[in-house]
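Residues in the sequence shown are numbered from 1 upward in steps of one, following the UniProt record's numbering.
Note that the Cβ used here is the ideal one computed from N, Cα and C, for glycine as well.
One structure is given here, and the rest of the page talks about it.
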Amino acid sequence: MAQAPGGRPSGAPSDSGRSGEGGRPGEGGSSARERILEAAGELFAEHGFEATPTSRIAERAEVPKGLIHYYFRRKQDLLTALVDQLPDDPVVSDRVAVRGDVAGSLRRLVRELDARLEASPLLSHLLWREADTHAAVREALQQRFRHVVEQIRGVIELALPPGPASCDVDTAALLLARVVNHRHSVARHGARDDELDREIGFIAKALELGVGKPRKVKPA
1 MAQAPGGRPS GAPSDSGRSG EGGRPGEGGS SARERILEAA GELFAEHGFE ATPTSRIAER
61 AEVPKGLIHY YFRRKQDLLT ALVDQLPDDP VVSDRVAVRG DVAGSLRRLV RELDARLEAS
121 PLLSHLLWRE ADTHAAVREA LQQRFRHVVE QIRGVIELAL PPGPASCDVD TAALLLARVV
181 NHRHSVARHG ARDDELDREI GFIAKALELG VGKPRKVKPA
């Protein structure tokens with residue numbers, strides 16, 4: 001069945017065109033499609049993708065089961081649509097980076113990244129839960145990790161003191177991204193800020209010690 005933009009099969013009635021059970025906007029004006037996605041995200045996070053039947057999603061979303069298939073031909077399409085809801089707007093490096101303050105700049109960046117996680121805790125839980133068994137989820141997490149590495153690298157480059165840098169910025173960005181990645185994967189269990197603070201301080205100090213020293217040139 002062909003799909004119209006937004007994941008809805010072509011020819012399916014729009015929310016505004018439906019009336020009666022399940023077709024009207026829910027409380028707060030949310031559409032049936034939005035309620036279905038919200039219910040699916042909650043249930044997948046609570047019980048797992050495989051253990052959640054579409055009938056249960058329909059019950060929580062307060063829509064007829066058949067309405068789910070107007071929007072999502074397969075159950076897998078629900079998961080893909082949830083992945084697409086991941087916030088992908090980058091942190092503006094200039095807003096958090098201060099020249100000469102690598103540790104402070106990185107701490108501000110991590111706070112921004114944490115805020116994005118906190119905006120959708122159920123979605124983050126769902127992604128980490130389903131990454132091992134669904135390629136779309138795994139790729140979404142890998143893509144998010146690559147974006148974090150790039151953002152960390154950008155902040156480091158802006159925050160390093162002036163002077164030639166012999167430090168390995170790429171490796172530092174990768175290490176901190178892995179720390180942030182792990183922190184987000186276990187966020188629902190409670191992450192320890194003091195540990196992260198020490199790790200950022202260690203990475204920042206190593207970077208700062210590498211500034212102003214001549215680069216070693218390998219012989220040809």
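- Following the DSSP letters along the chain, one finds V148 inside the alpha helix (DSSP H) bounded by residues 135-159.
- Scanning D194, Q76, Q85, R107 for the CA closest to the CA of F49 turns up Q76.
- Residue range 54-61 is occupied by the alpha helix (DSSP H) that includes R56.
- Looking at I200, T133, A115, the one whose alpha-carbon comes closest to that of L86 is A115.
- A direct Cα-to-Cα measurement between K65 and A97 gives close to 49 angstroms.
- Using a Cβ-Cβ distance cut-off of 8 angstroms, the segment 202-211 and the segment 99-110 are in contact, since at least three pairs of beta carbons, one from each stretch, lie closer than that value.
- With a cutoff of 8 angstroms on beta-carbon distance, V179 and R153 are scored as not near each other.
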